[in-house]
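Numbering (full-length UniProt numbering), first residue to last: 1 to 316.
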Amino acid sequence: MWIPVVFIIASGAALAQDLTPSVSWKPNITSSKDESISVASAALEKALGYGMNYGYAAARSYTAHQDPDFLDLAVTSWTSARRYTISKEQAASGIVEAVSVIDDYNWSFHELRLTATLAGGTYRMIDFDALGLSGTASGAFLVVSALLAEATSNQTYLDAAIESTNFIQSHLLNPSDIVLASISSQSNNPCSIQPVTYSYDSGIFIEGLAILGDITHNASTETLLRSTIVATTTNPLWQGLDGIVTTTEPGGLFIMRALAALYERNTTSSDLRDYIKEYVGVQYNAVVEQARATDGSNIYGLPWTGPPNTSFSGVN
């Protein structure tokens, strides 16, 4: 897979600098706010974990430019995903109004019996019967909730971020502090966990914890953040003995994004900041030296250990 040089290069080169873009970087947006919101909502209707990228981009853009249109788009994205995130009330009652997708034009609605205390869990897709509560979607909802809480000081977003954190920690974090893929919410398949792990799920969770910890300054959140970072950056499934991320799925990007989010807030201990700086530096050098498509090219690819894959993909 090829990846455009966007984040890993920027993170490595500017990690010790102010990462807030200048106003001159603001994109020339030609579509109307309503058109943008329509696009984001349509994406959320397909896969919540990936659709939340629209909300994430909007929230980060609002932080950079303070343009209320970006905030509106982020809130719309969050509100759409909120419908597919289990509330405290639903968890307490054990019932959620569920959607089953028959085809592109026909849906059915029914009550879904819940198990355990699953408040804060987000379904990956709007078809509740298709997949369980996802580490990707729950983590993405946590991140956008935390960004909105940071931007607006609104308690609703902060409460949502805390609920998502508690859900992931209670139900999807394995004994090694790695985030698992998903858990079933249905009473006929009680709390069945998909035990596979993807590096992007842990990366997204770390980013959410970094933002949330900067808001709450909660000692338990900071402890959880540290242990998850150490587990993720030392997992032998995702990096080699040389410390370079070896995964061929897009998790490396999310790990780098999470570490940059923590580093730029400058709220963690000096030893962890030094560790993050060294870790990101290793990835930066690996990408520049080993994952470049051709000499002089600005296109880079997976794996970062090289040589890059010869087929282009915009996924990463």
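Every residue, glycine too, gets a C-beta built ideally from N, C-alpha and C.
DSSP state of residue i mapped onto helix, strand, coil
i	result
alanine 119	coil
glutamate 158	Correcting the residue type first, residue 158 is leucine in the shown sequence and not glutamate. Leucine 158: helix per DSSP, three-state reduction.
glutamine 66	coil
isoleucine 178	coil
alanine 172	Checking the sequence, you will find leucine at residue 172 rather than alanine. Leucine 172 falls in the helix class under three-state DSSP.
threonine 234	coil
serine 134	strand
isoleucine 86	coil
Burial state of residue i, where buried means 16 or more other Cβ atoms lie within 10 Å
i	result
leucine 158	buried
glutamine 283	buried
residue 356	The first residue shown for the chain is 1 and the last is 316, placing residue 356 beyond what the model contains.
histidine 217	exposed
glycine 132	buried
glutamine 66	exposed
proline 236	exposed
leucine 253	buried
leucine 15	Residue placement at leucine 15 cannot be trusted, given a pLDDT of 45 that sits under 50; what the coordinates show is reported in the next sentence. With 16 or more Cβ atoms within 10 Å of its Cβ, leucine 15 is classed as buried.
alanine 219	exposed
leucine 259	buried
threonine 233	buried
CB contact flag (residue i, residue j, <8 Å)
i	j	result
threonine 122	tyrosine 84	yes
alanine 140	tyrosine 56	yes
glutamate 150	isoleucine 204	no
arginine 124	serine 61	no
isoleucine 276	tyrosine 263	yes
tyrosine 300	valine 287	yes
threonine 165	leucine 209	yes
glutamate 222	alanine 261	no
glycine 213	threonine 267	yes
glycine 135	isoleucine 86	no
residue 319	alanine 231	No statement about residue 319 is possible, as the shown extent of the chain runs from 1 to 316 and does not include it.
valine 144	serine 77	yes
Distance, residue j Cα to residue i Cα
i	j	result
arginine 292	proline 308	7 Å
tyrosine 200	serine 93	32 Å
leucine 142	leucine 173	15 Å
leucine 148	asparagine 154	8 Å
lysine 163	asparagine 298	First, the residue type needs correcting, since residue 163 is glutamate and not lysine in the sequence shown. Each residue's Cα considered, the two are about 41 Å apart.
isoleucine 119	isoleucine 193	What sits at residue 119 in the sequence shown is alanine, not isoleucine. If you take the alpha carbons of alanine 119 and isoleucine 193, they lie about 16 Å apart.
serine 138	serine 184	13 Å
glutamine 239	leucine 302	13 Å
threonine 228	glycine 243	17 Å
alanine 91	serine 170	14 Å
residue 346	leucine 180	With the chain running from 1 to 316 in the structure shown, residue 346 is simply not present.
proline 250	threonine 63	25 Å
threonine 247	leucine 71	34 Å
threonine 197	glycine 296	35 Å
serine 80	leucine 241	42 Å
alanine 74	proline 68	10 Å
asparagine 285	threonine 305	10 Å
glutamate 289	valine 245	14 Å
aspartate 274	leucine 225	15 Å
glycine 281	glutamate 89	45 Å
leucine 272	isoleucine 178	18 Å
glycine 51	isoleucine 215	25 Å
valine 82	alanine 58	The residue you asked about is not valine; residue 82 is arginine in the sequence shown. Their Cα atoms are separated by approximately 16 Å.
arginine 265	arginine 257	13 Å
isoleucine 53	alanine 161	It should be noted that the sequence gives asparagine, not isoleucine, for residue 53. Taking the straight line from one Cα to the other gives about 16 Å.
Near the ligand GDP: residue i beta-carbon under 7 Å from a heavy atom
i	result
aspartate 214	As for the ligand GDP, it is missing from this structure, which has no ligand bound.
Cβ of residue i within 8 Å of any chain C Cβ
i	result
glycine 252	Chain labels in this structure do not include chain C; a single protein chain is all it has.
### Segments of 3+ residues assigned as beta strand (DSSP E) that fall wholly inside the stretch 239 to 314
299 to 301
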